[in-house]
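Trainee: The UniProt record's numbering numbers the first residue of the sequence shown as 1 and each following residue consecutively.
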Amino acid sequence: MSIVRSHPTTTQTDPRQVAWRMLLTVHAHAYRQIDTELISAGALSFDDYDVLLTLNEAENETLRMSELAEAVLLSNSGMSRRVTQLVACGLVTRKQSEHDGRVFRVKLTVKGRKALDRTWAVYKPLIDNIFAKHFSEEEAFQLASLLQKVLNATGLDHHRNLLENGMTDAPKPNA
1 MSIVRSHPTT TQTDPRQVAW RMLLTVHAHA YRQIDTELIS AGALSFDDYD
51 VLLTLNEAEN ETLRMSELAE AVLLSNSGMS RRVTQLVACG LVTRKQSEHD
101 GRVFRVKLTV KGRKALDRTW AVYKPLIDNI FAKHFSEEEA FQLASLLQKV
151 LNATGLDHHR NLLENGMTDA PKPNA
């Protein structure tokens, strides 16, 4: 059964509220569709890809657990459990700090890097098909500029200059 919420069309509707709802809807739809396709292809889940990509983007492909939980884009709920599963698969290592027993560092492994690259080969065409093909390059740049404006005002330091730096979901090349 489909749920349809009808609202009277009035001039009182704030287009910024409509834009927000549309952004959430597009994100949720694309997330579910891409995650389903990745898993069907035997690739990493969207959430696992996000964790490995976050590590890939970090200096020395290593972060403290707390930094990793803060930096992931999709879901940091259950991060300890997720990292434990990634360790069990050999995709990351987790080591306790010698200086502070409360601190754990997570590092991308060679196997994790290979899984990231294999998943990117499946993920990139999904981005193109589900999202990118609906925009001209100019429209995509306009959308990215608008979203960067929000990130500059509300995001963390590492969210600034994503557009200028050409940040994508592609893994960084091997160093």
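Positions of the beta carbon are idealized from the N, C-alpha and C atoms, including for glycine. Remember, predicted model here, so these are calculated numbers, not experimental data.
#1: Determine the direct distance from the alpha carbon of Lys172 to that of Glu57, and round the result to whole angstroms.
#2: Residue range of the beta strand (DSSP E) that Lys114 falls in?
#3: For Ser145, which residues of its own chain have a beta-carbon under 7 Å away from its beta-carbon, when the five flanking residues on both sides are left out?
#4: So which of Arg102, Pro15 and Ala115 has the shortest CA-CA distance to Asp48?
#5: Using only alpha-carbon positions, find the residue among Val18, His159, Lys107 and Leu143 that is nearest to Leu52.
#6: What does Lys172 pair with, by DSSP beta-bridge criteria?
#7: What did DSSP end up calling Arg32 once you bin it into helix, strand or coil?
Mentor: Put simply:
#1: 7 Å
#2: Premise fails: Lys114 lies in the alpha helix (DSSP H), Val110 to Ile130, not in any beta strand (DSSP E).
#3: Leu163
#4: Ala115
#5: Lys107
#6: Looking at the DSSP assignment, Lys172 forms no beta bridge with any residue, so it has no partner.
#7: DSSP places Arg32 in helix when its eight states are reduced to three.
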